[in-house]
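The sequence shown begins at 1 in full-length UniProt numbering and counts up one residue at a time.
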Amino acid sequence: MLRALRTAALGMSAQQTSVDNTANNLANANTTGFKRATVVFQDLLYQSVQRGGEGDQRPAAMQLGSGSAIVATQRTFLQGSLMQTGNSLDLAVNGEGFLQARRPDGSVVYTRDGAFTLDADGRIVTQSGLALEPDLEVPPETQEIQISSDGVVRVRLQNEPDALEIGRIEVAQFSNPAGLRSIGANLYEQTEASGEPQIGPPAEGGAGLLQQGFLETSNVDVVQEMVDLITAQRAYEMNSKMITTSEEMLQIANSMKR
């Protein structure tokens with residue numbers, strides 16, 4: 001009965017973490033480029049009370065488990081829907097790959113959020129002020145910005161009939177994007193689990209195309225999240241009931257002496 005109490009308590013803790021993860025997914029249902037996370041459950045250590053195949057040649061062993069725990073949260077990098085905005089600096093990667101941004105310390109981070117803007121110096125930056133990598137600077141007399149599907153950036157200057165190429169946007173791909181570390185602000189960091197980034201132009205090496213004037217929406221399915229929430233809630237209730245039942249059994253055992 002004491003084992004059941006501990007096992008049920010661990011089950012409640014695991015389901016609470018699952019609910020926390022679902023809450024975060026739902027909170028980011030409208031976050032540009034957000035990728036939903038799923039929890040990975042794992043059963044814990046088992047105690048072998050009686051081994052199989054010993055003594056009277058029992059065909060099966062007697063093992064008692066000690067509960068479950070969540071060992072990881074895994075990002076699902078399915079493509080979100082593309083929403084047209086009409087903003088010339090909004091970009092969506094239609095396919096695999098991440099846009100790159102450079103932090104003040106020189107390190108590069110990765111994102112699926114292509115809501116870019118211009119800073120005071122005319123550089124293309126993220127909404128949090130990080131410069132697009134590779135760095136691109138738009139001349140102050142620019143009348144129009146054109147970004148092709150393969151990442152070539154051209155600007156049309158005032159009183160100039162032809163567009164001027166100012167650079168090219170590259171995308172990063174990872175062998176295991178689920179291994180990237182989320183750091184907030186729609187950004188990811190490279191880890192050993194993700195592997196080294198493969199940098200190249202869009203549409204090459206399996207990378208997706210760029211869509212100017214579009215943003216990728218969150219891939220959170222609200223209906224699926226509600227189903228997961230109900231499932232976790234019911235499992236939490238059953239583990240709570242198990243604790244109540246174990247407590248009642250302990251009370252019965254304690255009262256036998258009276």
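For every residue, glycine included, the Cβ atom is placed at its ideal position computed from N, Cα and C.
Leaving aside the five residues before and after residue i along the sequence, list all residues of the same chain whose C-beta is less than 8 Å from its C-beta, in chain order.
i    : result
T73  : N21, A37, T38, V39 and V40
S66  : R3, R6, T7, L10, L44, L45, Y46 and Q47
N239 : A8, A9, G11, M12 and Q15
L64  : R3, Y46, Q47 and V49
Starting from the C-beta of residue i, find all residues in its chain whose C-beta is less than 6 Å away, skip the five residues before and the five after it, and write them out in chain order.
i    : result
A235 : Q15
R168 : G151 and V152
N186 : G33, T111 and D113
E237 : none
S194 : F174, N176, G179 and L180
T17  : I70
R75  : K35, A37 and A178
With DSSP run on the structure shown, which of helix, strand or coil describes residue i?
i           : result
G11         : helix
R3          : helix
residue 290 : Within the shown structure, residues of the chain are numbered from 1 to 258, placing residue 290 beyond reach of any answer.
L89         : coil
L215        : strand
A29         : coil
T22         : helix
A178        : helix
S81         : coil
E204        : coil
Q47         : strand
E192        : coil
Could you pull out every residue in the same chain whose Cβ sits closer than 7 Å to the Cβ of residue i, ignoring the five residues on either side in sequence?
i    : result
E133 : Q100, A101, R102 and V108
T85  : G213, F214 and L215
V207 : With the sequence shown as reference, residue 207 is identified as Ala, and Val is not the correct amino acid for it. Around A207: G95, E96, G97, V171, Q173 and G200.
A115 : T32, D90, Q127 and L215
A92  : L82, G114, Q211, F214, L215 and E216
S182 : Y188
A203 : S149, D150 and L209
D228 : T22
L164 : R154, V155 and L157
T117 : L89, V125 and Q127
For the beta strand (DSSP E) holding residue i, just list the boundary residues, first then last.
i    : result
S182 : R181 to G184
T111 : V108 to T111
L99  : L99 to R102
R75  : S68 to R75
N200 : According to the sequence provided, residue 200 is Gly. The question's Asn does not apply to it. G200 -> beta strand (DSSP E) spans Q198 to G200.
F41  : A37 to D43
G114 : Looking at the DSSP string, G114 is not in any beta strand (DSSP E), and its letter there is neither H nor E.
G65  : M62 to G65
Alpha helix (DSSP H) containing residue i: first to last residue?
i    : result
S246 : V222 to S255
CB of residue i to nearest heavy atom of the ligand ATP: below 7 Å?
i   : result
M83 : No copy of the ligand ATP occurs in the structure displayed, which carries no ligand at all.
Which residue wins for smallest C-alpha separation from residue i, given the options the options?
i    : options                   : result
D105 : M12, F116 and A131        : A131
R123 : P139, S148, T217 and G195 : P139
Q42  : E204, I70 and N25         : I70
V222 : N30, S13, S18 and T17     : N30
N176 : Q190, A163 and I166       : Q190
G184 : D121, K35 and I252        : K35
A178 : I166, E196, P161 and E165 : E196
M12  : I147, K241 and G205       : K241
I166 : I147, E160 and S18        : I147
V220 : E247, M256, D121 and L78  : L78
V19  : I230, S88 and S218        : I230
E137 : V125, G129 and N159       : V125
Beta strand (DSSP E) runs wholly inside the segment 127-176, at least 3 long, in chain order: Qualifying beta strand (DSSP E) stretches, in chain order: 142-147, 152-157, 164-168 and 171-173.
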